[in-house]
Amino acid sequence: MDCLFCKIVRGDIPSETVFEDDSIRAFKDIHPKAPVHILVVPKKHIDSIQTLVDSDRETMLSVIYGAKAIAENIGLEGYKLIFNVGRKGGQVIDHVHLHILSE
341 MDCLFCKIVR
351 GDIPSETVFE
361 DDSIRAFKDI
371 HPKAPVHILV
381 VPKKHIDSIQ
391 TLVDSDRETM
401 LSVIYGAKAI
411 AENIGLEGYK
421 LIFNVGRKGG
431 QVIDHVHLHI
441 LSE
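Take 341 as the starting number for the sequence shown in this note's numbering and just add one per residue.
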């Protein structure tokens with residue numbers, strides 16, 4: 341796959357990675373909307389929440405549980421988790437990703 345996030349996951353494009361395991365990679369957003377703005381991206385390419393299939397369940401659980409672990413690891417007391425879905429929902433890159441936002 342040739343999308344931006346696939347290139348970051350492969351290491352073709354550098355990122356400020358804050359967490360990585362077998363199924364996800366998390367990195368700082370280059371255009372942060374809050375003092376803490378981290379993107380959690382599955383290594384498997386999935387276009388959007390709209391295109392999820394049953395076999396994506398474990399991958400998406402890894403994204404959500406990964407976000408929880410990241411928030412705990414960096415000591416966030418409160419935060420927002422946001423999925424933008426579709427162009428009208430604010431999704432710009434066609435690779436599902438979860439935003440962690442905090443002060």
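A virtual CB, placed ideally from N, CA and C, is assigned to each residue, including glycine. All figures in this text were calculated on a predicted structure; none of them were measured in a lab.
Contact check, lysine 347 vs serine 363 under 8 angstroms by CB: the rounded distance? Going by Cβ atoms, the distance from lysine 347 to serine 363 rounds to 18 angstroms, so no, they are not a contact pair.
With glutamine 431 and serine 402 assumed to form a contact (beta carbons below 8 angstroms), what rounded beta-carbon distance in angstroms separates them? About 20 angstroms separates the two Cβ atoms, so there is no contact after all.
Note the first and the last residue of the continuous beta strand (DSSP E) segment covering leucine 438. 438 to 442
What ranges does the alpha helix (DSSP H) occupy inside the segment 367 to 419, keeping only unbroken runs of at least 4 residues that lie completely in it? 397 to 413
Beta-carbon contacts of phenylalanine 359 that lie in its chain and below 6 angstroms, excluding the five residues immediately before and after: Ala366 and Ile410
What span of residues does the alpha helix (DSSP H) with valine 432 cover, start to end? Taken as a continuous stretch (DSSP letters only), valine 432 belongs to no alpha helix (DSSP H), as it is neither H nor E.
Could you check the C-alpha separation between tyrosine 405 and glycine 426 for me, to the nearest Å? 23 angstroms
Taking the C-alpha atoms as reference points, what is the distance between glutamine 390 and aspartate 396? 12 angstroms
Just tell me which of Thr399, Ile386, Met400 and Val376 has its CA closest to the CA of glycine 418. Val376
Buried or exposed: which applies to isoleucine 370, given that a residue is buried once 16 or more other Cβ atoms fall within 10 Å of its Cβ? exposed
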